[in-house]
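Q: Provided herewith is a single structure, encoded as structure tokens, for subsequent inquiry.
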Amino acid sequence: SSRPIVVDVNDLSSLVEVYKLRAAILVELAAKNIQQDMQRRKSEEDAWNNNAIDLVKASDAHCHYVVVKLFTDKLGEIGDTGVHSVLSTLALLYTLHGIALNSGDFLQAGLLSVPQMLQISVRIKDLLSQLRPNAVALVDAFNFTDRTLNSVLGRYDGNVYDNMYEWARRSPLNSTEVHKSFHKYLKPLRAKL
Amino acid sequence: MNPDIKRERENATFNVETLTNILDGSPQKTKRRREIESLVLNDPDFWEDDPNFLSRSERYDQAVRKSAQMILKLREYGISDPDEIYCYKNCVHPNRAEPLDLHLGMFLPTLLNQATSEQMDRFFMPAWNLEIIGTYAQTEMGHGTHLRGLETTATYDPSTQEFVLNSPTISSIKWWPGGLGKTSNHAIVLAQLYTQGKCHGLHAFIVPIRDIKTHEPLPGIVVGDIGPKFGFNEIDNGFLKLENVRIPRENMLMKYAKVEPDGAYVKPPSSKLTYGTMVFIRSLIVGTSAKAVAKSSTIAIRYSTVRRQSEIRPGQPEPQILDYQTQQYKLFPVLAMAYAFTFVGQYMTQTYQRITGDINEGDFSELPELHALSAGLKAFTTWAANSAIEVCRMSCGGHGYSRSSALPDIYTEFTPSCTYEGENTVMMLQTARYLVKSYRLAKNGQQLSGIVSYLNDAGRGRVQPQTV
């Protein structure tokens, strides 16, 4: 059948299933292409090299499925409602964003339809707004200290600009008001011009 | 506190501490991590000059000083759990690799996994006490991930019961191992084993390269630093040329494969065991990818809440950059990726430990799956993380370009993971080999288990989109 399977774009387990089918189809496609090449009297090694792009795509799809599945499985271990809710939103975003980036695979295999892809793109925008209020809290949860992050832009207190100015002042080029290169090169050059 | 970021925190709909505990594994682990962090952060011995303003030689010097302090302090505080050592190290050397990384992360684990009990007695305590400082020399100047193509030879001489090691060509010179240039006095060298006139493939040998007391290179050893790189400024990645270097028979790591005194070769139970250390590191890299993305997204998202520019509605004050949909579209998928990879990293560590436990009990059945999974996920996560860090840098406007943002350093320190411990395309092809093999087995009626069990249906022609 060329018609898509039933997919609820809000249901993670249904989306994991779609990733699984995509991986299976791409592995099967690569294996069949190798087989066909071998039937055309190519050696297995040459057939392998001739289908290396498909093989990498198949591995990529397999790994993507594993990541999506493990993320979804993890949600099952989380009891706290607030945390579960925000992580579910993130997992859904990760999953749908992956589909949007690889839409060709899903459409070509008949796993999703064009209207569903449009629905996904709308849903992604909803998820972005939904995550907006929790964005800082979600990165705070990684719990990096300022020393381990070592970033003026990423400071916990958000006082970026005054610290950036201070950091720049410490540059070795600022250790003297007039750099020695002025006396060595620019001043003599000026005299010659 | 900047009022914008303060307000963001007040608006959150969940308990941040609960989520931190989940990421660490438990509230106890969070508590212990913070204890370790404060040990380092409050210790004046670890204060440093800002590396951004130092030369490479000064950065290496400062890193060696801190690593030496780190070893002393780990002993002083009795920190011996590998996770806690890793956490301590990450605080001492934030966002960067350090000169003893290969000693702690590859030399010692290789001894633990591949040395016989006699070899452990000889090498482990000296290595633990840094009399022996080791590295892991596998990659050659002209050969990387394709291990069968490595050219370094170890030829057994039964008359003296020694191996003679050689770098037969320029392209066979060992190239890239961290700590090899100036720090290490020993290297685990991967070389093609020749005995009784036959080549038996790649095996690991412990090779002294510098005098333990004077640190001078030993006869037949040509060793040095390979020069500045894209990142990795604190590390002396090195080269090593071996010219008829003789080592005793007992210096071949012989927990699995063996060479008897007369030169007879005893096969290992699985050829993949030689590469166990790489599998270990690949498993760890998945978690490292998560950390790099988590750090980058933390920087970019925090800055996007305090940075106000342009206007959405005419005449209104400049909005927070994070209110722009395009900024959210750049950063929130990256944030989601950070969480996804963190959980995958946790899974990989648990899976590695479980399967390694089985291997130690003599069960090698899951080794091929571990190989395939660690190779594929290493490639998948490092590729994705590499792009994600760059997205974060670009989303910080011009300031992401400044070294003060830390994003350039995170990027340059992380990027090599796409090529070290296996170039990513080659890794993907290794995983593909396992997938295709599994598919063919399923097609022939064999029942697959584990993460590839979904191919059972594909093999029997049942993977088809179903009609509504």
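Which chain is which? The protein sequence lines are A and B, in order.
Under this note's numbering, the residue at position 29 of the first sequence is numbered 138, and the numbers go up by one with no gaps.
Under this note's numbering, the residue at position 258 of the second sequence is numbered 259, and the numbers go up by one with no gaps.
Ideal Cβ positions, reconstructed from N, Cα and C, are used throughout, including at glycine.
(1) Taking C-beta pairs closer than 8 angstroms, name the residues in chain B that residue 288 (chain A) reaches, listed in chain order.
(2) Give the list of continuous alpha helix (DSSP H) stretches no shorter than 4 residues that lie fully inside the segment 161-225 of chain A.
(3) Counting along the chain, where does the beta strand (DSSP E) carrying residue 304 (chain B) start and finish?
(4) Under 8 angstroms between beta-carbons, which chain A residues line up against residue 87 (chain B)? List them in chain order, please.
(5) What number of angstroms, rounded off, separates the C-alpha of residue 191 (chain A) from the C-alpha of residue 199 (chain A)?
(6) Can you list the residues of chain B that residue 300 (chain A) reaches, using a CB-CB cut of under 9 angstroms?
(7) Taking the CB atoms as reference points, tell me whether residue 196 (chain A) and residue 233 (chain A) lie closer together than 7 angstroms.
(8) Leaving out the 5 sequence neighbours to the left and right, which residues in its chain are closer than 7 angstroms to residue 287 (chain B) when beta-carbon positions are compared?
(9) Run through chain A and tell me which residues come within less than 7 angstroms of residue 377 (chain B), C-beta to C-beta.
(10) Figure out for me which residue from B:333, B:185 and B:107 has the closest Cα to the Cα of residue 243 (chain A).
(11) Where does residue 13 (chain B) sit, in a helix, a strand or coil, going by DSSP?
(12) Take the Cβ of residue 38 (chain B) as the centre, count every other Cβ of all protein chains shown within 10 Å, and call the residue buried at 16 or more, exposed below.
(13) Ignore the nearest five residues each way along the sequence and tell me which others in residue 512 (chain B)'s own chain have a CB closer than 7 angstroms to its CB.
(14) Rounded to the nearest angstrom, what separates residue 412 (chain B) and residue 96 (chain B) at their Cα positions?
(15) Assign residue 130 (chain B) to one of three DSSP states: helix, strand, or coil.
(16) Rank A:157, A:207 and A:223 by C-alpha distance to the C-alpha of residue 433 (chain B) and give the top, closest one.
(17) With DSSP collapsed to three states, give me the class of residue 138 (chain B).
(18) If you count every other CB in all the chains shown that lies within 10 Å of the CB of residue 17 (chain B), and 16 or more means buried, which is it?
(19) Considering only residues of the same chain and omitting the five flanking positions on each side of residue 468 (chain B), which have a CB-CB separation below 8 angstroms?
(20) Let me know the beta strand (DSSP E) ranges lying completely inside the segment 340-400 of chain B, each 3 residues or longer, listed in chain order.
(21) The alpha helix (DSSP H) spanning residue 75 (chain B) covers which residue range?
(22) Could you check what DSSP says for residue 279 (chain A) in three-state terms: helix, strand or coil?
(23) Anything in chain B within Cβ reach of residue 214 (chain A), meaning under 9 angstroms, just list it in chain order.
(24) With a threshold of 16 other CB atoms inside 10 Å of the CB of residue 213 (chain B), please say whether the residue is buried or exposed.
(25) So does the segment 152-167 of chain A actually touch the segment 295-303 of chain B, counting three or more Cβ pairs closer than 8 angstroms?
(26) Output, in chain order, the set of chain B residues within a Cβ distance shorter than 8 angstroms of residue 279 (chain A).
(27) Per DSSP, what kind of secondary structure is residue 3 (chain B) in: helix, strand or coil?
(28) Run through chain B and tell me which residues come within less than 7 angstroms of residue 129 (chain A), C-beta to C-beta.
(29) Taking the straight line between their C-alpha atoms, what separation do you get for residue 454 (chain B) and residue 437 (chain B)?
(30) Is residue 173 (chain B) closer than 7 angstroms to residue 152 (chain B) when the C-beta atoms are compared?
(31) Could you give the residue range of the beta strand (DSSP E) that holds residue 200 (chain B)?
(32) Mapping the DSSP letters down to three states, classify residue 98 (chain B) as helix, strand or coil.
(33) What are the residues of the segment 252-270 of chain A that lie near chain B, defined by any Cβ-Cβ distance shorter than 8 angstroms?
(34) Using CA atoms only, rank isn't needed, just tell me which of A:218, A:237, A:212 and A:238 is closest to residue 227 (chain A).
A: Taking the geometry as given:
(1) Here residue 288 (chain A) is taken as the residue at index 179 of the first sequence, counted from 1. Per Cβ cutoff of 8 angstroms: no residues; residue 288 (chain A) is ~15 angstroms from chain B at best.
(2) 161-184, 190-210 and 212-217
(3) Position 303 of the second sequence, counting from 1, holds the residue named residue 304 (chain B). No beta strand (DSSP E) holds residue 304 (chain B); the alpha helix (DSSP H) holding it covers 277-307.
(4) What you label residue 87 (chain B) is simply residue 86 of the second sequence in a count that begins at 1. Those within 8 angstroms of residue 87 (chain B) in chain A number zero; the least Cβ separation is about 13 angstroms.
(5) Your numbering for residue 191 (chain A) matches position 82 in the first sequence. Your numbering for residue 199 (chain A) matches position 90 in the first sequence. For residue 191 (chain A) and residue 199 (chain A), the distance between alpha carbons rounds to 13 angstroms.
(6) For this step, residue 300 (chain A) is matched to residue 191 along the first sequence. Those within 9 angstroms of residue 300 (chain A) in chain B number zero; the least Cβ separation is about 32 angstroms.
(7) Walking along the first sequence from the start, residue 196 (chain A) turns up at place 87. Walking along the first sequence from the start, residue 233 (chain A) turns up at place 124. Going by C-beta atoms, residue 196 (chain A) is not nearer than 7 angstroms to residue 233 (chain A).
(8) Your numbering for residue 287 (chain B) matches position 286 in the second sequence. Hits under 7 angstroms: 342, 345, 346, 349, 378, 379 and 382.
(9) Residue mapping note: residue 377 (chain B) aligns to position 376 of the second sequence, counting from 1. Per Cβ cutoff of 7 angstroms: 168, 171 and 172.
(10) Translated into positions along the first sequence, residue 243 (chain A) becomes position 134. Of the candidates B:333, B:185 and B:107, the one whose C-alpha sits nearest the C-alpha of residue 243 (chain A) is B:333.
(11) Looking up residue 13 (chain B) in the second sequence gives position 12. Residue 13 (chain B): coil per DSSP, three-state reduction.
(12) In the second sequence, residue 38 (chain B) corresponds to position 37, counting from 1. The residue is buried, with at least 16 neighbouring Cβ atoms inside 10 Å.
(13) Here chain B comprises residues numbered 2 to 469, so residue 512 (chain B) is not present and cannot be evaluated.
(14) Within the second sequence, numbered from 1, the residue matching residue 412 (chain B) stands at position 411. Within the second sequence, numbered from 1, the residue matching residue 96 (chain B) stands at position 95. Rounded to whole angstroms, residue 412 (chain B) to residue 96 (chain B) spans 10 angstroms at the Cα level.
(15) In the second sequence, counting from the first residue as 1, residue 130 (chain B) sits at position 129. Three-state DSSP puts residue 130 (chain B) in coil, outside helix and strand.
(16) Taking the second sequence and counting its residues from 1, the one referred to as residue 433 (chain B) is at position 432. Answer by Cα proximity: A:157.
(17) Locating residue 138 (chain B) in the second sequence gives position 137, where the first residue counts as 1. It is a strand residue.
(18) For this step, residue 17 (chain B) is matched to residue 16 along the second sequence. Flag for residue 17 (chain B) reads buried.
(19) Your numbering for residue 468 (chain B) matches position 467 in the second sequence. Low local confidence applies: a pLDDT of 40 at residue 468 (chain B) is under 50, so the model's placement there is unreliable, with the coordinate-based value given in what follows. Within the same chain, residue 468 (chain B) has no close Cβ partners at all.
(20) none
(21) Numbered from 1 along the second sequence, position 74 holds the residue referred to as residue 75 (chain B). Taken as a continuous stretch (DSSP letters only), the alpha helix (DSSP H) holding residue 75 (chain B) covers 57-78.
(22) Mapped onto the first sequence, residue 279 (chain A) falls at position 170. The answer is coil: DSSP assigns residue 279 (chain A) none of H, G, I, E or B.
(23) For the purposes of this step, residue 214 (chain A) is taken as residue 105 along the first sequence, with counting starting at 1. Those within 9 angstroms of residue 214 (chain A) in chain B number zero; the least Cβ separation is about 13 angstroms.
(24) Translated into positions along the second sequence, residue 213 (chain B) becomes position 212. Classification for residue 213 (chain B): exposed.
(25) no
(26) As a working note, residue 279 (chain A) is residue 170 in the first sequence. Simply 51 and 54.
(27) The residue you call residue 3 (chain B) lines up with position 2 of the second sequence. Coil, per DSSP.
(28) Within the first sequence, residue 129 (chain A) is the residue found at index 20, counting from 1. Near residue 129 (chain A) (Cβ distances below 7 angstroms), the residues of chain B are 455.
(29) Within the second sequence, residue 454 (chain B) is the residue found at index 453, counting from 1. Within the second sequence, residue 437 (chain B) is the residue found at index 436, counting from 1. So the two alpha carbons sit approximately 13 angstroms from each other.
(30) In the second sequence, residue 152 (chain B) corresponds to position 151, counting from 1. In the second sequence, residue 173 (chain B) corresponds to position 172, counting from 1. Yes. Within cutoff.
(31) The residue labelled residue 200 (chain B) in the question sits at position 199 within the second sequence. Start and end: 199-209.
(32) To locate residue 98 (chain B), count along the second sequence from 1; it is residue 97. Residue 98 (chain B): coil per DSSP, three-state reduction.
(33) 252, 253, 254, 256, 257, 258, 259, 260, 261, 262, 263, 264, 265, 266, 267, 268 and 269
(34) Numbered from 1 along the first sequence, position 118 holds the residue referred to as residue 227 (chain A). Of A:218, A:237, A:212 and A:238, the residue nearest in Cα terms is A:212.
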